[in-house]
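Reviewing the structure listed below.
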Amino acid sequence: MGTGAGKKREHLIKPVLHRQYPTASYGQGVFLYDEQGKAYLDASSGAVTASIGHGVQDIIDAMAEQARKVSFVYRSQFTSEPAEQLAQKLSELAPGRDYWTFFVNSGSEATETAMKVAIQHWQEQGRHGKNRVISRRMSYHGITMGALSMSGHVLRRRRFVPLLADYPVVAPAYCYRCPFGRTYPECGLACADDLETAIRRIGAEHIAAFIAEPIVGAAGGAVTPPNDYYRRIKEICERHEILFIADEVMTGIARTGAMFGMEHWGVEPDVIALGKGMSAGYTPVAATMVKDRVMEPILQGSRVVMSGHTYSANPQSAAVSLAVLDYIERHQLVQAAEVQGRKLLERLNRLADKCEIIGDVRGKGLLLALELVADRESKLPFPAAKGVTSLVIDKAFEKGLLIYPAAGGVDGAGDAVIIAPPLTISDEELELLMRLLEDTLQEVM
Ligand code: PLP
Numbered sequence: 005m006g007t008g009a010g011k012k013r014e015h016l017i018k019p020v021l022h023r024q025y026p027t028a029s030y031g032q033g034v035f036l037y038d039e040q041g042k043a044y045l046d047a048s049s050g051a052v053t054a055s056i057g058h059g060v061q062d063i064i065d066a067m068a069e070q071a072r073k074v075s076f077v078y079r080s081q082f083t084s085e086p087a088e089q090l091a092q093k094l095s096e097l098a099p100g101r102d103y104w105t106f107f108v109n110s111g112s113e114a115t116e117t118a119m120k121v122a123i124q125h126w127q128e129q130g131r132h133g134k135n136r137v138i139s140r141r142m143s144y145h146g147i148t149m150g151a152l153s154m155s156g157h158v159l160r161r162r163r164f165v166p167l168l169a170d171y172p173v174v175a176p177a178y179c180y181r182c183p184f185g186r187t188y189p190e191c192g193l194a195c196a197d198d199l200e201t202a203i204r205r206i207g208a209e210h211i212a213a214f215i216a217e218p219i220v221g222a223a224g225g226a227v228t229p230p231n232d233y234y235r236r237i238k239e240i241c242e243r244h245e246i247l248f249i250a251d252e253v254m255t256g257i258a259r260t261g262a263m264f265g266m267e268h269w270g271v272e273p274d275v276i277a278l279g280k281g282m283s284a285g286y287t288p289v290a291a292t293m294v295k296d297r298v299m300e301p302i303l304q305g306s307r308v309v310m311s312g313h314t315y316s317a318n319p320q321s322a323a324v325s326l327a328v329l330d331y332i333e334r335h336q337l338v339q340a341a342e343v344q345g346r347k348l349l350e351r352l353n354r355l356a357d358k359c360e361i362i363g364d365v366r367g368k369g370l371l372l373a374l375e376l377v378a379d380r381e382s383k384l385p386f387p388a389a390k391g392v393t394s395l396v397i398d399k400a401f402e403k404g405l406l407i408y409p410a411a412g413g414v415d416g417a418g419d420a421v422i423i424a425p426p427l428t429i430s431d432e433e434l435e436l437l438m439r440l441l442e443d444t445l446q447e448v449m
């Protein structure tokens, strides 16, 4: 609407300027409703966030109760009961337990803090050269400069490349289009060994950490590694004295049918980044969890983790996150993600049988994706100019179905859409999801 005469000017910077977005009016369960009363089945939980659904009264009550006590205290002046309890609870839930937690407000801050803590861990031991973080070409770890430096998401990096740290990258574990043109298990996990090759080339004395999403989200679409990939990765990291950071911002807190994604492979990360599902969207909160042994040199040294934000360890956000964790446990949503995820995966595979633009169906729990191809036999991706992901997402939106885009373009990847409904989704709602999705794909084909 811009500045044209007679037109109401806009002030809010939206994702695409001047695009018309419906105004959300309210949410209930897996549905969002706009001002006109149109219902949208939230099959992506927003950005894979609203994992317990919308409008849950228990969370609203917990929020109000904490607000009546105290909403804000500054972390260098006070601690608070909810923040202390949440740190303890997360440590009890995490793989291998025994973590310290630093609270932040977004997934980007969580991965960036993870990077800083890893570097500080080595600095405190006098190993100042260990200051780079290796990541994978197909990855998204966040939008702030440090997080973007570790991300392979080409579209989000492109404008800022001169300002980003020149960190090394290695091959992704992307079996559908193996970067080495091989097949598991004959490949011998060449993608994991690529990390070791990079470490040898650069020198472990220059590397602080390796960061990976247990299952790649926005940069690939639920790209799930072969079974023994993470065990090999952890073993390589340990052998070369490099910390392993698991970016669980999308996979964390029940989404994949385990409380933490890394549980599927029995690996204990040195540092974990959490976000999204931690508060299921009820408030902005995220966390960097640091294993005791990684904190040790800091506790023995400066005793200050050099990070922090005004809203870090905010009692209001901590109370909300505690209530969300409690809700997930009481309603057994880890199991629900596994059970409903299996049903949805099976339905998506059946859909792929009759829908030739679906090249691959993948993911775990309720973090699933479809990779869309122009030709299934040759796995030929759609030309970028066709913008097939946007076509599908926009068509689904018209029909009242929300799904989430994953960017292609890295390592020859095509386009993918993520399907990740709230973990509370019922069988009837799954049926509706599938009906709307099938109608959408039939129209796009
Ligand atoms: N890490 C992963 C794996 C993500 O999926 C995202 C967001 O999509 C981020 C980090 C960044 O989180 P935020 O958008 O909350 O900054």
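With our numbering, letter number 336 in the sequence shown gets 340, and the count goes up by one each step, no holes.
Just so it is clear, CB atoms sit at the ideal spot from N, CA and C, and this is done for glycine as well.
Please read these numbers as outputs of a predicted model, since none were measured by experiment.
- Counting only runs of 3+ residues, no beta strand (DSSP E) is found wholly inside the region 142-181.
- In summary, Val-52 is buried, with 16 or more beta-carbon neighbours lying within 10 Å of its beta-carbon over all protein chains present.
- Secondary structure at Phe-248: strand, using DSSP grouped into helix, strand and coil.
- In the same chain as Arg-136, and ignoring 5 residues on each side of it, the C-beta atoms closer than 6 Å to its own belong to Tyr-171, His-210 and Ile-211, in chain order.
- With a threshold of 7 Å, the Cβ atom of Ser-110 counts as near ligand 1, since some heavy atom of the ligand is closer than that.
- When the five nearest sequence neighbours on each side are left out, no beta carbon in the same chain lies closer than 6 Å to the beta carbon of Lys-73.
- According to the DSSP secondary-structure assignment, Ile-423 is paired through a beta bridge with Leu-372.
- In the DSSP assignment, Ile-56 falls outside any alpha helix (DSSP H), carrying neither H nor E.
- Cβ contact annotation for Gly-133 (same chain, cutoff 6 Å, sequence separation greater than five): Glu-209 and His-210, in chain order.
- For Phe-401, the enclosing alpha helix (DSSP H) covers residues 392-402.
- Per DSSP, reduced to three states, the secondary structure at Asp-198 is helical.
- Using a 10 angstroms sphere on the CB of Val-20, the tally of other CB atoms stays under 16, which defines it as exposed.
- Measuring C-alpha to C-alpha distances from Phe-106 to each of Arg-23, Leu-278, Phe-76 and Pro-166 identifies Leu-278 as the nearest.
- Apart from the 5 residues on each side of it in sequence, His-313 sits with its Cβ closer than 8 Å to the Cβ of Val-108, Asn-109 and Glu-113 in its chain, given in chain order.
- In terms of side-chain proximity, the C-beta atom of Ile-147 is found nearer than 7 Å to a non-hydrogen atom of ligand 1.
- The count of Cβ pairs closer than 8 Å, one atom from the region 323-335 and one from the region 48-67, reaches three, so the stretches are in contact.
- In this structure, Val-253 has its CB closer than 7 Å to one or more heavy atoms of ligand 1.
- Boundaries of the beta strand (DSSP E) around Asp-38: 35-38.
- In this structure, Ala-122 sits near Leu-247, with a CB-CB distance shorter than 8 Å.
- DSSP places Met-67 within a helical segment (H, G or I) once states are collapsed to three.
- Burial is judged here by how many other beta carbons sit within 10 angstroms of a residue's own beta carbon; Pro-86 has at least 16 and is buried.
- Judged by beta-carbon spacing, Val-396 lies beyond the 8 Å limit of Leu-370, meaning their Cβ atoms are not closer than that value.
- In the DSSP assignment, Val-220 forms a beta bridge with Val-227.
- Classified as buried, Asp-419 has 16 or more neighbouring CB atoms from the shown chains inside 10 Å of its CB.
- With 16 or more other Cβ atoms from the protein chains shown falling within 10 Å of its own Cβ, Leu-152 counts as buried.
- The beta carbon of Ile-240 is closer than 6 Å to those of Leu-199 and Glu-200 in its chain, skipping five residues each way along the sequence.
- Shortest gap from the CB of Glu-217 to any heavy atom of ligand 1: under 7 Å.
- For Pro-288, there is no enclosing alpha helix (DSSP H), as DSSP marks it with neither H nor E.
- In the DSSP annotation of this structure, the continuous segment of the beta strand (DSSP E) that includes Leu-45 starts and ends at 43-46.
- Counting only runs of 4+ residues, the alpha helix (DSSP H) found wholly inside the region 57-140 occupies 61-73, 85-97 and 111-127, in chain order.
- Of the residues assessed, Glu-433 falls on the buried side of the cut-off, its CB having 16 or more other CB atoms within 10 angstroms.
- For Arg-366, the three-state secondary structure derived from DSSP is strand.
- At least one heavy atom of ligand 1 lies less than 7 Å from the C-beta of Thr-115.
- Ile-302 carries a helical assignment under DSSP once its states are collapsed to helix, strand and coil.
- Thr-187 places its beta carbon 8 Å or farther from that of Glu-217.
- Comparing alpha carbon positions, the residue from Thr-83, Tyr-178, Thr-287 and Val-77 closest to Gly-224 is Tyr-178.
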